[in-house]
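If you read the sequences in order, they're chains A and B.
The first sequence runs 100 to 235 under this note's numbering.
The second sequence runs 100 to 235 under this note's numbering.
Don't be surprised by glycine CBs; every beta carbon is placed ideally from N, CA and C.
In this text, all values refer to a predicted model and were calculated from it rather than measured experimentally.
Here the structure comes first, spelled out in structure tokens, and everything after it is commentary.
Number of protein chains: 2
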Amino acid sequence: MKDPLLEFPGYALRRAANAAGAILSERLGELGLRQADASALILLDANPGLTSSRLGAALGIQRANMVPFLNRLETEGFVERVPIDGRTQGIHLTDQGRARLTDARRVIETFEAELIAMVPREHRTHLLPALLALWK
Amino acid sequence: MKDPLLEFPGYALRRAANAAGAILSERLGELGLRQADASALILLDANPGLTSSRLGAALGIQRANMVPFLNRLETEGFVERVPIDGRTQGIHLTDQGRARLTDARRVIETFEAELIAMVPREHRTHLLPALLALWK
DNA sequence: GCTTTATGCTATGGGCCATAGCAATGATCA
DNA sequence: TGATCATTGCTATGGCCCATAGCATAAAGC
Numbered sequence: 100m101k102d103p104l105l106e107f108p109g110y111a112l113r114r115a116a117n118a119a120g121a122i123l124s125e126r127l128g129e130l131g132l133r134q135a136d137a138s139a140l141i142l143l144d145a146n147p148g149l150t151s152s153r154l155g156a157a158l159g160i161q162r163a164n165m166v167p168f169l170n171r172l173e174t175e176g177f178v179e180r181v182p183i184d185g186r187t188q189g190i191h192l193t194d195q196g197r198a199r200l201t202d203a204r205r206v207i208e209t210f211e212a213e214l215i216a217m218v219p220r221e222h223r224t225h226l227l228p229a230l231l232a233l234w235k
Numbered sequence: 100m101k102d103p104l105l106e107f108p109g110y111a112l113r114r115a116a117n118a119a120g121a122i123l124s125e126r127l128g129e130l131g132l133r134q135a136d137a138s139a140l141i142l143l144d145a146n147p148g149l150t151s152s153r154l155g156a157a158l159g160i161q162r163a164n165m166v167p168f169l170n171r172l173e174t175e176g177f178v179e180r181v182p183i184d185g186r187t188q189g190i191h192l193t194d195q196g197r198a199r200l201t202d203a204r205r206v207i208e209t210f211e212a213e214l215i216a217m218v219p220r221e222h223r224t225h226l227l228p229a230l231l232a233l234w235k
């Protein structure tokens, strides 16, 4: 069967992201985390007290969607909101959040290593810079 | 602001695919098409009479989700189902489907060219093979 | 002080994917 | 040939992620 779609980098990009995302989501799911959760934990660990808006901007999540997202993280005890002024609040990891992050890191690093191992050696170092150029 | 996520190819893959997908979806939307629609039209043009199951397998769409998908394409007059035997049917493009495909091709080829142009020259030829290795 | 902007929020819908289960047909094989 | 198995197309349903519109309050800017 002919597949002309295989010539399109954009199509390959979508399929690759879906395939990789499915694997990672499944593994993070065993920790009770989604991909966005793990990303948020990593970002908050590196930048404690980040604002909801700024965290959302970094993750590419809109303000409106940050609300239920952070609510869930807070309900599960990974995160707490600390008021900064009347309208702004800093998001901080709880001890439980940091503990879960440790587990998540293991999963993610294993996953990323496997991912890189899938691409032929001669293309390997080019993947990350090429991908970053597409959205950064 | 520190962003440790930028070291992860898997994360960059997801962000790049989302960014690219948003642009393509918007442009195809002006033609009344979604990404999966355009992919299906291209595949059906290259392989007339493809079965729903086989088309779904090629596109990475499950049987259950092919039903409303093909219903819509049929309702909009892009596709017709031709019974092969009692339980199998071949999907064929209609003239209207082929016409819309012509427009879609223009959009997609422009998009793909712009996408490739975004990646630095030294990484350009590595992108497609690297991505194909991640799911093919 | 008044206007403008930023922040966090509610409500809602779309697109895409996944699972479970079903009826009917075709294929396989004793 | 007849019984079993596999395939095909389908219904129903829910989850996840994203997008828009609109709102109240608070801070910043003039």
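Residues of its chain near residue i, where Cβ-Cβ distance is below 8 Å and the 5 sequence neighbours each way are ignored
i	result
residue 70 of chain B	Because chain B in this structure spans residues 100 to 235, residue 70 of chain B falls outside the shown range and cannot be described.
residue 176 of chain B	193, 195 and 196
residue 142 of chain A	149, 154, 157 and 158
residue 223 of chain B	215
residue 233 of chain B	112
Cβ shell of residue i (< 7 Å), same chain only, five flanking positions each side left out
i	result
residue 123 of chain B	134 and 210
residue 155 of chain B	161, 162 and 165
residue 115 of chain A	none
residue 203 of chain A	127, 130, 132, 137 and 140
residue 218 of chain B	226
residue 152 of chain A	162
residue 187 of chain A	150
residue 167 of chain B	none
Local Cβ density within 10 Å of residue i, reported as buried at 16 or more and exposed below that
i	result
residue 136 of chain A	buried
residue 220 of chain A	exposed
residue 207 of chain A	buried
residue 113 of chain A	buried
residue 119 of chain B	buried
residue 181 of chain A	exposed
residue 121 of chain B	exposed
residue 216 of chain B	exposed
For residue i, three-class secondary structure by DSSP
i	result
residue 160 of chain A	coil
residue 128 of chain A	helix
residue 173 of chain B	helix
residue 233 of chain B	coil
residue 141 of chain A	helix
residue 181 of chain A	strand
residue 189 of chain A	strand
Cβ neighbours of residue i in the same chain (closer than 6 Å, five flanking residues each side left out)
i	result
residue 104 of chain A	110
residue 172 of chain A	178
residue 201 of chain B	none
residue 147 of chain B	191
residue 106 of chain A	none
Supposed close pair residue i, residue j - CB separation, criterion 8 Å
i	j	result
residue 140 of chain A	residue 196 of chain A	6 Å
residue 228 of chain B	residue 230 of chain A	About 14 Å separates the two Cβ atoms, so there is no contact after all.
residue 235 of chain B	residue 145 of chain A	Not a contact, Cβ separation roughly 34 Å.
message = What are the residues in the segment 202-219 of chain B lying within 8 Å of chain A by C-beta distance?
response = Answer in chain order: 207, 210, 211, 214, 215, 217, 218 and 219.
task = Could you please tell me which residues of the segment 125-151 of chain B, in chain order, have their CB closer than 9 Å to any CB of chain A?
result = Of all residues in the segment 125-151 of chain B, 134, 138, 141, 142, 144, 145, 146 and 149 have a Cβ within less than 9 Å of some Cβ in chain A.
query = Looking at chain B, which residues of the segment 155-170 of chain A have a Cβ within less than 9 Å of any of its Cβ atoms?
reply = Of all residues in the segment 155-170 of chain A, 157, 158 and 159 have a Cβ within less than 9 Å of some Cβ in chain B.
Contacting positions in the segment 179-191 of chain B - beta carbon closer than 7 Å to chain A = Result list empty, no residue passes.
key: Near-chain B residues of the segment 100-119 of chain A - C-beta to any C-beta below 9 Å   = Shown in chain order are the members of the segment 100-119 of chain A whose Cβ falls below 9 Å from a Cβ of chain B: 100, 101, 102, 103, 104, 105, 106, 107, 108, 109, 110, 111, 112, 113, 114, 115, 116, 117, 118 and 119.
request  = Could you please tell me which residues of the segment 220-232 of chain B, in chain order, have their CB closer than 9 Å to any CB of chain A?
outcome  = Within the segment 220-232 of chain B, the qualifying residues are 221, 222, 223, 224, 225, 226, 227, 228, 229, 230, 231 and 232.
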